[in-house]
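In the numbering used here, the protein residues as written are -14 to 771.
Glycine included, C-beta positions come from ideal geometry on N, C-alpha and C.
To keep things clear, I will list the structure first and then write my remarks on it.
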């Protein structure tokens, strides 16, 4: 939920409608963020705070012994069904609800240790055993924990011995000849590559341009977010079957991911003050507390209803601290830079003009502060919603207690335990800094509408016993990446973006980081464990701008829809290469390009029902619809009829997928066969929907163990994906990866070895040489060649 909940939006809308016309006109005329916030702060009343309290009551985040017990019972049910993953997640939920040092907490830790033991997470199981004992586990049950501890230590000892045997020189040479190469990958390199320059023009603002030729696959930049907020409710726990999922319960990202670094974990460390926030480790828990959570913890329910954007804006402000905010507001000349003199309130200057002292890395608040906020372009009603939200959050924060002394430092520090703000000392209240903090929060809310980046990752959607990977892309979090924000938009970009998450144990993460100049520096503890990596998706020549897609892509959306969305959110009319080419073709009456070449997927791949020729959008008269491209035919079909038939195909596809989720692949296959025969009357083989039908059919065959037919239909799906996204797309790479799996499972050695190099090339191009799929691909290839 990026925006506040609908109840709050309606409340503020009524408040706006009821404003005195003169006051409303005065608010609309304000063009300075400080003035907007100060005006709104005088209009925010106790009634607004009470209304937030009433709706946040539906999202409680306090500790609750009864809820903890219910979660433990759900975990016991999953444990009896041998769904240990769901059991661990339910026990974790119980741990988060259970009050500190309670018997319920000790029981949930003990039970989770059992689930983790069965999942072979022996070290984590030992940690939970210690936590159970620390929180007063019943003495008459201690023998169970001691027996489990002995078994865990036994397994860990055996595993260590096996690892030592594998690490002998002979074993290294035999099992992994390229291990040394992988191990020497070095520290994670942050920043912009030496082959790219940051330039500035009045038209484009700051942007990245290639200083020399850049080859496909080369890394253009690595960036970490200044801050990010996890989006709740974006995924569900996977079971071995649909019925088991229902027994285990549904879990969102907030249950499976660290609320700081977004790493996936089955055994989160809970916040000691609330039942919502949880972390992958005690270090993440401590660093989140010092950085922002000490303030957010008592406001957890309020932040849930205020939306992700508002929470992220507040989090950025709290992380920065008072001194960083004050320094960012100073004129550039007062920061001892070589930039031209200017006034700090001149937004047209500061939003675009490059500042040599301003770092573009994720730990620089200056680079966040000076991003475009477009105050004068947001509608007055939206400005009012953002301002009232910021004012309400600040007033709520002031009611939670006085600020700790760390608010007045450049970054929060000094609190290694979860003490309340009341125990920190410092100034008596927030009043002297209220307008300064609120103005910063409002600035960031407005900035995030145009500069926020969705952190997206592939999520495995298949059953745990599925022989073929099934995945979809989900949004894990909303973040602010200062360096990534330099990239301008194109509907057909020349770069590719991937995210990695996790802790320092990840392949790309080390205790040290470096910039592209090779200078190594300590990896700051405040850096989030999320990394964005941008690679060249094609050859980028010297002087060519490096472009990124903001969402509306030419392979997924028609030009009118793309331009409308970009205008509404980013306030510009897109005139990128793809849009320009399509507009030129539309103006000259030329043919519609295939979607992979910049057209929209709904305007290509349609067949004439009479002659099987291609259909195109009718532009010659006022009648909306499609007309056959064969002059001897001239058959027409209305847009409404095309839409209706596509909806019918889509409904059948969704029904078939649902049948597979419920372990009924034979029924799904019958439905898919019938739908494919009907779709062939209007859809070409390269139409995206035809590709989805072929993919679902391949999945049904694979579930039934018919690898040959599964591979045949997946090849059809790959052809459609290639037509839509292009032969060098990551979408095609992932589809061919599934094809390699099918050939491997079916024992088709020749076809598998033929497709693997194509997959490797595409995955290396977009995801780099260390992605998980490439490791699996290497294992398959080694087995086939062995």
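Expected contact under 8 Å - CB spacing of residue i and residue j to nearest Å
i           : j           : result
residue 380 : residue 29  : 6 Å
residue 671 : residue 705 : 5 Å
residue 57  : residue 15  : Incorrect: roughly 54 Å between the Cβ atoms, too far for contact.
residue 355 : residue 431 : Contact flag wrong, Cβ pair sits at about 13 Å.
beta-carbon residue i near the ligand MG non-hydrogen atom, thresh 6 Å
i           : result
residue 178 : Inclusion of the ligand MG in the displayed structure is not the case, the ligand content being empty and no account of it being possible.
Sequence-distant residues of the same chain with beta carbon closer than 8 Å to residue i, five excluded per side
i           : result
residue 630 : 667
residue 765 : 725, 726, 729, 737 and 741
residue 254 : 263, 264, 265, 266, 267, 269 and 270
Of the residues the options, the one placed nearest residue i, counting alpha carbons only
i           : options               : result
residue 707 : 267, 590 and 178      : 590
residue 621 : 636, 643 and 597      : 597
residue 371 : 558, 738, -5 and 50   : -5
residue 438 : 383, 208, 299 and 248 : 208
residue 461 : 217, 55 and 46        : 217
residue 749 : 422, 252 and 481      : 481
residue 60  : 251, 142 and 664      : 251
residue 739 : 755, 145, 769 and 759 : 769
residue 77  : 86, 53, 62 and 282    : 53
residue 530 : 63, 557 and 478       : 478
residue 175 : 373, 7, 87 and 205    : 205
residue 459 : 523, 195 and 242      : 242
Local conformation of residue i per DSSP, three classes
i           : result
residue 395 : Model confidence at residue 395 stands at a pLDDT of 48, short of 50, so the residue's coordinates are unreliable; what they give is reported in the following sentence. Three-state DSSP puts residue 395 in coil, outside helix and strand.
residue 734 : helix
residue 539 : coil
residue 264 : strand
residue 713 : coil
residue 781 : Lying before the first or after the last residue shown, residue 781 is absent from the chain, which here runs from -14 to 771.
residue 749 : helix
residue 438 : strand
residue 363 : coil
residue 116 : helix
residue 517 : strand
residue 632 : helix
residue 530 : strand
residue 673 : helix
residue 183 : strand
residue 249 : strand
residue 255 : strand
residue 758 : helix
residue 473 : strand
residue 374 : helix
residue 623 : strand
residue 706 : helix
residue 17  : coil
residue 208 : strand
residue 304 : helix
Chain-order list of residues whose beta-carbon lies under 6 Å from that of residue i (same chain, five-residue window excluded)
i           : result
residue 425 : 302 and 310
residue 110 : 98, 101, 102 and 137
residue 701 : 679
residue 623 : 610
residue 260 : 46, 48, 81 and 82
residue 517 : 208, 466, 469 and 484
Local Cβ density within 10 Å of residue i, reported as buried at 16 or more and exposed below that
i           : result
residue 48  : buried
residue 625 : exposed
residue 116 : buried
residue 180 : buried
residue -1  : exposed
residue 753 : buried
residue 760 : exposed
residue 132 : exposed
residue 682 : buried
residue 31  : exposed
residue 304 : buried
residue 6   : exposed
residue 643 : exposed
Cut-off 7 Å between Cβ atoms - residues of its own chain near residue i, not counting five sequence neighbours on either side
i           : result
residue 637 : 656 and 660
residue 23  : 420
residue 476 : 534, 537, 538, 539, 547, 559, 561, 563 and 564
residue 767 : none
residue 189 : 473
residue 685 : 645, 650, 653, 654 and 657
Chain B contact for residue i (CB, 7 Å cutoff)
i           : result
residue 704 : Among the protein chains of the structure shown there is no chain B, as only one such chain exists.
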